[in-house]
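**Q** Position 160 of the sequence shown, counting from 1, maps to 162 under the numbering used here, and the rest follow consecutively. Pasting a structure here, questions to come.
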Amino acid sequence: MKSISPFRLRVTVCTAVVACAGGILIARAADEPVKDSVPAIAATPDAAASEAQDRVTARVPIAVARDRAKLMHDIYTTTLDVMHDRYFHADRAVVPARAMEDVFSAMEDQTGSKANWISVNLKAMSINHEPQTDFEKRAAREIVAGETEIEVIEEGFYRRASAIPMTGGCLSCHAGFFNQPSKVPKYTGLVISIPIVAESADK
Numbered sequence: 003m004k005s006i007s008p009f010r011l012r013v014t015v016c017t018a019v020v021a022c023a024g025g026i027l028i029a030r031a032a033d034e035p036v037k038d039s040v041p042a043i044a045a046t047p048d049a050a051a052s053e054a055q056d057r058v059t060a061r062v063p064i065a066v067a068r069d070r071a072k073l074m075h076d077i078y079t080t081t082l083d084v085m086h087d088r089y090f091h092a093d094r095a096v097v098p099a100r101a102m103e104d105v106f107s108a109m110e111d112q113t114g115s116k117a118n119w120i121s122v123n124l125k126a127m128s129i130n131h132e133p134q135t136d137f138e139k140r141a142a143r144e145i146v147a148g149e150t151e152i153e154v155i156e157e158g159f160y161r162r163a164s165a166i167p168m169t170g171g172c173l174s175c176h177a178g179f180f181n182q183p184s185k186v187p188k189y190t191g192l193v194i195s196i197p198i199v200a201e202s203a204d205k
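Structure, rendered in structure tokens:
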């Protein structure tokens, strides 16, 4: 099977962004009440900037954040699996997990929701993947202990860390090409952070 071309890779990443945004917008539409129409008001630069900021940092109740995080997890992991299976072969293409970070960045720009990888029980391939916060370090320990989902509410965000099993091609890079495969399950973690409204932070 041929390696994916840069153009097809961009198309794949853009498709993932559209899928994520579509799912989140559908959820947002279902959660928000229909507002009565109001007269149009001429936009000013300050008003436009304020509206853009509100759109990026839109906050939701904790229950909505929890459902949205699960949806984003499913979309991200499915996209990662498809990219690994169909497009990534040896060193002939961009590593899927790295390509997914472009999706994470685009989604943060559009929705204010964040996502990042954390190493769990294999050497991180990037210093950016080392667990940084207390929550990320705790999540890594609990994933090793057998937990599949860990959550916390802090600093105005609902954060969800979930275990991502590493197999096949993932292990050949992370564990080393010439090392004997271990029987101990290996994981990475996916942390999703969604801004929530203040009154839901204690629920």
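Note that the Cβ used here is the ideal one computed from N, Cα and C, for glycine as well.
Quick one: Cα of residue 111 to Cα of residue 151, how far?
**A** Straight-line Cα distance between these residues: approximately 25 Å.
**Q** Across which residues does DSSP place residue 191 in a beta bridge pair?
**A** Note: residue 191 sits in a beta bridge opposite 120, 165.
**Q** If you follow the beta strand (DSSP E) that residue 152 is part of, which residue opens it and which one closes it?
**A** Counting along the chain, the beta strand (DSSP E) containing residue 152 begins and ends at 151-156.
**Q** Output needed for residue 153: all residues of its chain with C-beta closer than 6 Å, excluding positions within five of it in sequence on either side, in chain order.
**A** Contacts found: 162.
**Q** State buried or exposed for residue 129, treating a residue as buried only when at least 16 other CB atoms are found within 10 Å of its CB.
**A** Flag for residue 129 reads exposed.
**Q** When we look at the beta-carbon of residue 164 and count the other beta-carbons within 10 Å, is it buried (16 or more) or exposed?
**A** By the neighbour-count rule (16 or more Cβ atoms within 10 Å), residue 164 is buried.
**Q** When the distance is taken between beta carbons, is residue 139 closer than 8 Å to residue 133?
**A** Closer than 8 Å, so yes.
**Q** Taking the C-alpha atoms as reference points, what is the distance between residue 199 and residue 69?
**A** Answer to the nearest angstrom: the Cα atoms are 15 Å apart.
**Q** Helix, strand or coil: which one does DSSP assign to residue 98?
**A** The answer is helix: DSSP assigns residue 98 an H, G or I state.
**Q** Which whole-angstrom value describes the C-beta separation of residue 108 and residue 196, a residue pair presumed to lie in contact below a C-beta threshold of 8 Å?
**A** With a Cβ gap of about 16 Å, residue 108 and residue 196 do not count as contacting.
**Q** Quick one: is residue 62 buried, meaning 16 or more other Cβ sit within 10 Å of its Cβ, or exposed?
**A** Its Cβ being crowded by 16 or more others within 10 Å, residue 62 is buried.
**Q** What's the gap between the Cα of residue 101 and the Cα of residue 80?
**A** When rounded, the distance between both Cα atoms is 14 Å.
**Q** Would you mind sorting residue 71 into buried or exposed? The rule is 16 or more other CB atoms within 10 Å of its CB.
**A** By the 10 Å Cβ count, residue 71 comes out buried.
**Q** Grab the span of the alpha helix (DSSP H) containing residue 141 for me, first residue to last.
**A** First-last of the alpha helix (DSSP H) with residue 141: 136-146.
**Q** How about residue 166 and residue 142: do their beta carbons lie closer than 8 Å?
**A** Cβ atoms of residue 166 and residue 142: not closer than 8 Å.
**Q** Thinking C-beta only, is residue 73 closer than 8 Å to residue 98?
**A** No, Cβ-Cβ distance for residue 98 and residue 73 is not below 8 Å.
**Q** So is residue 65 buried or exposed if we call it buried at 16+ other beta carbons inside 10 Å?
**A** With fewer than 16 Cβ atoms within 10 Å of its Cβ, residue 65 is classed as exposed.
**Q** Measuring CB to CB, does residue 189 end up less than 8 Å from residue 122?
**A** In contact: residue 189 and residue 122 (Cβ atoms closer than 8 Å).
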